[in-house]
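Student: When we follow this note's numbering, the leftmost residue of the sequence shown carries the number 2, and every step to the right adds one. A virtual CB, placed ideally from N, CA and C, is assigned to each residue, including glycine. Computed from a prediction, not measured in an experiment: that's the story for all the values here.
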Amino acid sequence: MLWEDIKGIWDAVQTLAKAAGNTDDGVSRSALRQALGPLVGLGPDGSPGVADAWLNLGRDQRQQYLGWDYWASGQYEKAVQRIGVSAFELIVTLGGVGVVAKLLKRIGTAVREAKNAIELVKSIIAPGKLDYIFGKVTSSPENMARSISMYKQLNAIGVFDNTAGRELVRQSLEAAAKSTDNIVKEEVRNGVTTLTKESLLAGPNGILKLQSFWEVTSDGLRLTSVIPFGK
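This is how it looks when you write it as structure tokens:
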């Protein structure tokens, strides 16, 4: 193997590592998973352009080579390390340095695009969602009861349906959306990713734990529901 070939693969891994180090929020992580999906056989069209030998590998083997479990859980540094270790084994399996270098560069591009797609996590909170939290929903007896129950929980910590109360809840939810270390669950259904986040709402008379649900969209994180726990 020529030194230039080895250097080319090393440079590709370093580019990937640098890009991955800048991708650390929930939205970018979800975008990254979607971008990398075809490379591990998760996309509808497979992985065109990375050689037939790669396509012929078993799905589990491809996932192992790419460290898919680390990508999925946001452990990008470990994912990059695994790819570095796998690179030379891939040369033997795929039968050429060029294929591996191309594969690594493609992954690096996917990471950078995922990061650049959303530089700042934007939270989208419709007015109706706050109405629901503050006991204003009358769509059905069940929803009305749940809405009133949540408002009573807010009252217990000194938060009421006024300008200050709504702003406090909104700011708390926006902070939860932007946080990168409070994701307790990530679920994908029919191509839609939903993040479950946990946070605290501090009122004058106490604290509530909030579990909020956010749909990942191209515009940011859209609040779909909130469940308070506590008083």
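Reducing DSSP to helix, strand and coil, say where PRO229 ends up.
Tutor: The answer is strand: DSSP assigns PRO229 an E or B state.
Student: Which class does VAL138 belong to by DSSP, given the choice of helix, strand or coil?
Tutor: It is coil, neither helix nor strand.
Student: Using C-beta distances below 6 Å, list every residue in its chain close to GLU199, excluding the 5 sequence neighbours before and after it, in chain order.
Tutor: Result list for GLU199: ASN183, VAL185 and GLN212, in chain order.
Student: Would you give the residue range spanned by the beta strand (DSSP E) that GLY204 belongs to?
Tutor: Looking at the DSSP string, the run of the beta strand (DSSP E) that includes GLY204 is 193 to 204.
Student: Indicate the three-state DSSP secondary structure (helix, strand or coil) for GLU175 in the structure shown.
Tutor: Helix, per DSSP.
Student: Consult DSSP for SER124 and reduce its assignment to one of helix, strand or coil.
Tutor: DSSP places SER124 in strand when its eight states are reduced to three.
Student: Determine the contact status of SER148 and LYS137, defining contact as a CB-CB distance below 8 Å.
Tutor: Yes. Within cutoff.
Student: What does the alpha-carbon distance come out to for the pair VAL227 and TYR133?
Tutor: If you take the alpha carbons of VAL227 and TYR133, they lie about 9 Å apart.
Student: Specify the secondary structure class of VAL160 as computed by DSSP and reduced to three states.
Tutor: In the structure shown, VAL160 sits in coil (DSSP, three-state: anything other than H, G, I, E or B).
Student: Using DSSP with H/G/I as helix, E/B as strand and the rest coil, what is GLY47?
Tutor: Reliability of the predicted coordinates at GLY47 is poor, the pLDDT of 38 falling under 50, and the value obtained from them is presented with this limitation in mind. Looking at GLY47 - three-state DSSP - the assignment turns out to be coil, as it is neither helix nor strand.
Student: Can you tell which of LEU174, LEU222 and VAL217 has the C-alpha that lies nearest to the C-alpha of ALA203?
Tutor: When each option's Cα is compared against that of ALA203, the closest is LEU174.
Student: What three-state label does DSSP hand GLY129 in the structure shown?
Tutor: Of the three classes helix, strand and coil, the one that applies to GLY129 here is helix, per DSSP.
Student: Based on Cα-Cα distance, which residue from THR164, GLY159 and TYR152 lies nearest to GLY207?
Tutor: Out of THR164, GLY159 and TYR152, GLY159 has the C-alpha closest to the C-alpha of GLY207.
Student: Where does PHE230 land, buried or exposed, given buried means 16+ other C-beta within 10 angstroms?
Tutor: Flag for PHE230 reads exposed.
Student: Nearest to ASN191 by alpha carbon, out of THR139, GLU168 and GLU216?
Tutor: Residue GLU216 is the option with its Cα nearest to ASN191.
Student: Helix, strand or coil: how does DSSP classify SER213 here?
Tutor: Three-state DSSP puts SER213 in a strand.
Student: Beta-carbon separation of LEU222 and LEU196 under 8 Å?
Tutor: Against a cut-off of 8 Å, the Cβ pair of LEU196 and LEU222 comes out as a contact.
Student: Of the residues ASN144, ALA165, LEU209 and LEU224, which one's Cα is nearest the Cα of ARG194?
Tutor: A small correction: the amino acid at residue 194 is Thr; Arg does not occupy that position in the sequence shown. Answer by Cα proximity: LEU224.
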